[in-house]
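In the numbering used here, the protein residues as written are 1 to 101.
Here you go:
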């Protein structure tokens, strides 16, 4: 079975990036409890003051889908919705190996 990874970009409303980062870091912390989540990285770019980039690696796509229905994930999604101006899936990937996975 192939690992499943996502690289996404979330655009926060003006001045709300740090709030969105904190919500996504809470999500990352909750992923520590899930063995099926191998990596959940929250990133920012100094060139893009409203965007947050998230890289996720899962054992498979169904594990990722299942995580979205968890109560903690749903609560964080609802918390983030009012400050998200847009979302973009940059890439869906199949990790093959390397440090960290």
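Note that CB positions come from ideal geometry on N, CA and C, so glycine has one too.
Please confirm whether residue i and residue j have their CB atoms less than 8 Å apart.
i	j	result
residue 53	residue 13	no
residue 19	residue 39	no
residue 27	residue 73	yes
residue 44	residue 80	no
residue 3	residue 90	no
residue 55	residue 41	yes
Could you tell me the distance, in whole angstroms, from the CA atom of residue i to the CA atom of residue j?
i	j	result
residue 86	residue 11	5 Å
residue 16	residue 93	28 Å
residue 68	residue 77	9 Å
residue 100	residue 21	22 Å
residue 70	residue 5	19 Å
residue 96	residue 64	17 Å
residue 105	residue 36	An answer regarding residue 105 cannot be provided, because it is not within the stretch 1 to 101 covered by the chain.
residue 61	residue 31	15 Å
Could you please give me the residues that DSSP links to residue i through a beta bridge?
i	result
residue 15	Residue 15 is not bridged to any residue.
residue 22	Note: residue 22 sits in no beta bridge, so no partner.
residue 87	10
Legend entry - Start-end ranges of the beta strand (DSSP E) lying completely within the stretch 45-70, minimum 3 residues: 48-58
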